[in-house]
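Trainee: Here the numbering used here = 1-based position in the sequence shown + 1.
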Amino acid sequence: LNLPPLSVYSARYLGYRLDTGELDAIIDLKVVGTDLTAEANLDIRQLTLDLEQNSELEALRKELGIPIETGLDLLRNADGDIALSVPISGELGNPQFDFSDAINQAIGSAMKDAVLTILFPLGAVIAATDGSGSSNIMLDPVVFEAGSAELAGGGKELLAKAAEFLGGRTGIKIRLCGYAVPGDKDALASQAQAAGTAEAKPAEEDVETTDEGAPAAPATGVGAPEVSQTALDNLASERAIRVKSLLVEDYGIDPKRLLLCRPRVDDGAATPRVEILL
């Protein structure tokens, strides 16, 4: 069944227009008197929606904590198709009986299950809402050594989980947001100081001696070098680029699905990291 011709009905009864898609349905239907029970097994191929604004969908979005489109993408298999089982029951003579309610409830229930069974095992949490009231799903962050764009222990295991999730859901895109933290500033200052000391170290034959015969202290650099905001931004950016490169090169994820955020510097007592956001 080609779905777009049904768009006028879906907009009226379900709250969204069917832009593209095809439907196969196997319905096990039983009617006893005026009582109807059914199990509709739906295979929906290449579905895209134009969501209408309505209270039911808005309530579902708030309950999920993510956009409806993201919830649907969680349901898609590697081919972009969605399989749903829709239980239907009611009384045919009841004016309140409505197939659209059953379909909406099935879609909403499936998306809730997807959030619980697919995302939460990956360490996903609902990130804080922004000023628009929208939320993000955040997977476990990939952590880094202080002052470095090299992954810390456990980072590769987290990447493998994220790659497995992305590999089975080709419609999902993620954002990679690199962070630098105060600990990075200290580490970068120490690295710069060590490098400066090594460069300033005189050759053995050039070492001056004091009257007592001990080598004189080098007359260079006092205190730790200052680390600029630009250096921290660059480190945060390098971390996000590193995660993207690993996902592309080691796991074959399409780079177009991996979006880089503006680099951020966290002033709190946080861990050097790249956050993975849906």
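Cβ atoms here follow ideal geometry from the backbone N, Cα and C, with glycine treated the same way.
Quick caveat: nothing in here was measured; it's all calculated off a predicted structure.
1. Name the DSSP bridge partner or partners of Arg258?
2. Taking only the alpha-carbon atoms, compute the straight-line gap between Arg170 and Ala271 and give it to the nearest angstrom.
3. According to DSSP, is Ile28 part of a helix, a strand, or is it coil?
4. If you reduce the DSSP assignment to three classes, tell me which class Ser229 lands in.
5. In this structure, does DSSP put Arg243 in helix, strand or coil?
6. Hey, out of Ala39, Ala164, Leu48, whose CA is closest to Asn3's CA?
7. Just the C-alpha distance for Gly148 and Leu189, rounded to the nearest angstrom, thanks.
8. Note the first and the last residue of the continuous alpha helix (DSSP H) segment covering Pro173.
9. Rounded to whole angstroms, what's the CA-CA distance from Val126 to Val143? Just pull it up for me.
10. Is the Cβ-Cβ distance between Leu233 and Ala181 less than 9 Å?
11. Would you kindly work out how many angstroms separate the C-alpha atoms of Ala193 and Arg258, rounded to a whole number?
Mentor: From the atom records:
1. Along the sequence shown, read from residue 1 onward, the residue named residue 258 stands at position 257. In the DSSP output, where bridge partners are listed per residue, Arg258 has none listed.
2. Numbered from 1 along the sequence shown, position 169 holds the residue referred to as residue 170. Numbered from 1 along the sequence shown, position 270 holds the residue referred to as residue 271. Near 31 Å, if we compare the C-alpha coordinates of Ala271 and Arg170.
3. For the purposes of this step, residue 28 is taken as residue 27 along the sequence shown, with counting starting at 1. Three-state result, Ile28: strand.
4. Translated into positions along the sequence shown, residue 229 becomes position 228. If DSSP states are grouped into helix, strand and coil, Ser229 belongs with coil.
5. Residue numbering aside, residue 243 sits at position 242 when the sequence shown is read from its first letter. Reduced to three states, the DSSP call for Arg243 is helix.
6. What you label residue 3 is simply residue 2 of the sequence shown in a count that begins at 1. Residue Leu48 is the option with its Cα nearest to Asn3.
7. Residue 148 sits at position 147 when you count from the first residue of the sequence shown. Residue 189 sits at position 188 when you count from the first residue of the sequence shown. In a straight line, the C-alpha of Gly148 is about 5 Å away from that of Leu189.
8. Here the question's residue 173 lines up with position 172 in the sequence shown. Pro is not the amino acid found at residue 173; the sequence shown has Ile there. Element bounds for Ile173: n/a, residue is neither H nor E.
9. Looking up residue 126 in the sequence shown gives position 125. Looking up residue 143 in the sequence shown gives position 142. Interpretation of Val126 is limited by its pLDDT of 49, a score under 50 that renders its predicted location unreliable; the figure taken from the coordinates is listed afterwards. Each residue's alpha carbon lies about 14 Å from the other.
10. Along the sequence shown, read from residue 1 onward, the residue named residue 233 stands at position 232. Along the sequence shown, read from residue 1 onward, the residue named residue 181 stands at position 180. Yes, the pair counts as a contact, with Cβ atoms nearer than the cut-off.
11. For the purposes of this step, residue 193 is taken as residue 192 along the sequence shown, with counting starting at 1. For the purposes of this step, residue 258 is taken as residue 257 along the sequence shown, with counting starting at 1. Looking at the two C-alpha atoms, the distance is approximately 36 Å.
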